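Contents: one structure, followed by commentary.
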Amino acid sequence: MSYTIKAPAKINIGLDVIRRRDDGYHDLKMIMQTVNLFDILTFEPSTGDKHILTGAKTTVPLNNDNLILRAANLLTEEFHITDALKISLEKNIPVAAGMAGGSADAAATMIAFNNIFGLNLSAKELMERGVQLGADVPYCIMKGTALSEGIGDILTPLPAFEGITLLIVKPPVNVSTAHVYRSLKLTPDIVHPDIDAIIAAMKDKNLPLMGSLCANILETVTIPEYPVINTIKETMLSCGADVSLMSGSGPTVFGIFKNETLADAAKEKCLNISKDMFAIVTTTYN
Ligand code: ATP
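Mapping of the sequence shown onto this note's numbering: position 233 corresponds to residue 234, and the numbering continues sequentially without gaps.
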């Protein structure tokens with residue numbers, strides 16, 4: 002038996018923070034979109050008594066802190082699973098990038114366990130368990146185009162934003178999600194993105210209108226701290242991107258382009274901004 006599953010990364014086509022809650026979390030309103038950039042997880046029988054995780058060429062810990070083993074162990078305990086699995090991770094999604102790579106891996110692991118061990122859990126039941134591992138895990142189980150509200154756990158599917166050419170660029174800087182949220186100042190004069198208007202423009206695939214509307218309120222924290230994010234955005238726009246925006250808490254920036262030729266040319270320019278830049282031309286994935 003060998004079971005392989007893809008775990009797609011996400012971008013945020015708009016991100017607003019509505020308020021800081023008393024429990025320290027934030028109420029968010031964000032547009033989520035899965036992209037054609039995947040980690041690949043393979044599950045095989047293991048002779049040991051515990052699940053083990055292997056993965057070449059990755060900096061993420063392969064111990065019990067890894068969201069893959071946390072997801073596997075959560076379902077193993079609840080459903081008294083006795084068979085141990087060897088899980089291999091091919092990590093393609095940049096780590097700590099604002100692309101929910103860890104949450105995508107956790108979601109893929111839960112889906113895999115549900116199928117391999119015949120747990121018969123519905124998507125909703127998987128999502129209820131997934132949120133214990135991270136606020137983005139329920140969305141990563143759902144995938145596609147969606148509105149995410151609450152702490153990320155209230156999900157509404159949106160019309161598929163299909164066939165869109167993307168350039169995804171991550172500069173070689175590390176951004177702590179917790180630091181970004183802690184530093185965000187929701188002053189009365191801060192400009193909140195109009196998420197509903199972005200959704201309407203997406204339905205019409207009106208890219209120029211999206212260009213004037215798409216915004217991520219977390220850029221108010223990350224761009225002053227990491228000006229390279231703005232350099233990437235400006236480079237994409239000067240190369241013909243209709244939209245260029247930071248994803249999540251950054252530092253990844255994505256651009257929406259009319260075609261691959263424009264995106265490829267922008268990729269070359271972005272790679273020249275600094276060394277160790279990650280850049281890929283891809284598409285939305287629905
Ligand atoms: P988000 O967009 O949800 O904020 P992110 O893309 O910024 O996520 P991740 O790549 O998910 O960040 O990684 C965040 C942290 O989670 C890293 O410090 C990493 O060590 C830890 N982590 C645990 N398991 C994984 C995994 N399977 N893949 C990536 N990171 C993991």
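Cβ coordinates follow ideal geometry from the N, Cα and C atoms, glycine included. Because the structure is a prediction, the values reported are computed rather than measured.
Asked, Found
"Whether or not the region 130 to 139 and the region 85 to 92 are in contact is what I'm after, with contact meaning three or more pairs of Cβ atoms, one per stretch, closer than 8 Å; do they touch?", "no"
"Kindly identify the DSSP beta-bridge partner or partners of N217.", "L16"
"If the criterion is Cβ atoms closer than 8 Å, does the pair S3 and T55 meet it?", "no"
"Do I230 and P172 have their beta-carbon atoms positioned less than 8 Å apart in this structure?", "yes"
"Taking Cβ to Cβ, would you say F258 is nearer than 8 Å to A264?", "yes"
"Give the secondary structure of D154 by DSSP, where H, G and I count as helix, E and B as strand, and everything else as coil.", "coil"
"Helix, strand or coil for I117, going by three-state DSSP, please let me know.", "helix"
"Just the Cα atoms here: how many angstroms apart are S248 and D277?", "19 Å"
"Can you name the start and end residues of the alpha helix (DSSP H) that S184 belongs to?", "T178 to S184"
"Regarding P62 and the ligand ATP, is the C-beta to nearest heavy atom distance less than 7 Å?", "yes"
"Measuring alpha carbon to alpha carbon, tell me which of V18, A216, K7 and A8 ends up nearest P189.", "V18"
"Can you tell me whether DSSP reads A242 as helix, strand or coil?", "coil"
"Can you give me the C-alpha to C-alpha distance between A105 and A280, rounded to a whole angstrom?", "20 Å"
"If you count every other CB in all the chains shown that lies within 10 Å of the CB of E220, and 16 or more means buried, which is it?", "buried"
"Just reading off the alpha helix (DSSP H) that M203 is part of, what are its end residues?", "I196 to K204"
"Give me, in chain order, the residues of the same chain whose beta-carbon lies closer than 6 Å to that of T110; leave out the 5 immediate sequence neighbours on both sides.", "I69, A72 and A73"
"How would you write the range of the alpha helix (DSSP H) that M31 sits in, first residue to last?", "It is not in any alpha helix (DSSP H) - M31 instead sits in the beta strand (DSSP E) that spans H27 to P46."
"For the alpha helix (DSSP H) containing V138, list its first residue and its last residue.", "V138 to M143"
"Expressed to the nearest angstrom, what Euclidean distance is found between the alpha-carbon atoms of Q34 and M100?", "10 Å"
"Please state the DSSP three-state secondary structure of I169.", "strand"
"So, helix, strand or coil for L159, using DSSP?", "coil"
"Hey, would you say I112 sits closer than 8 Å to L127, going by beta carbons?", "yes"
"Leaving out the 5 sequence neighbours to the left and right, which residues in its chain are closer than 7 Å to D50 when beta-carbon positions are compared?", "A85"
"Since I196 and I6 are thought to touch, with beta carbons under 8 Å apart, how far apart are those beta carbons, to the nearest angstrom?", "I196 to I6, Cβ: 31 Å. No contact."
"Check whether the Cβ of A147 lies closer than 7 Å to any heavy atom of the ligand ATP, and answer yes or no.", "no"
"Going along the chain, which residues of its own chain have a beta-carbon closer than 6 Å to the beta-carbon of G103, five neighbours each way excluded?", "L68"
"Comparing the CB of A73 with every heavy atom of the ligand ATP, is any distance shorter than 7 Å?", "no"
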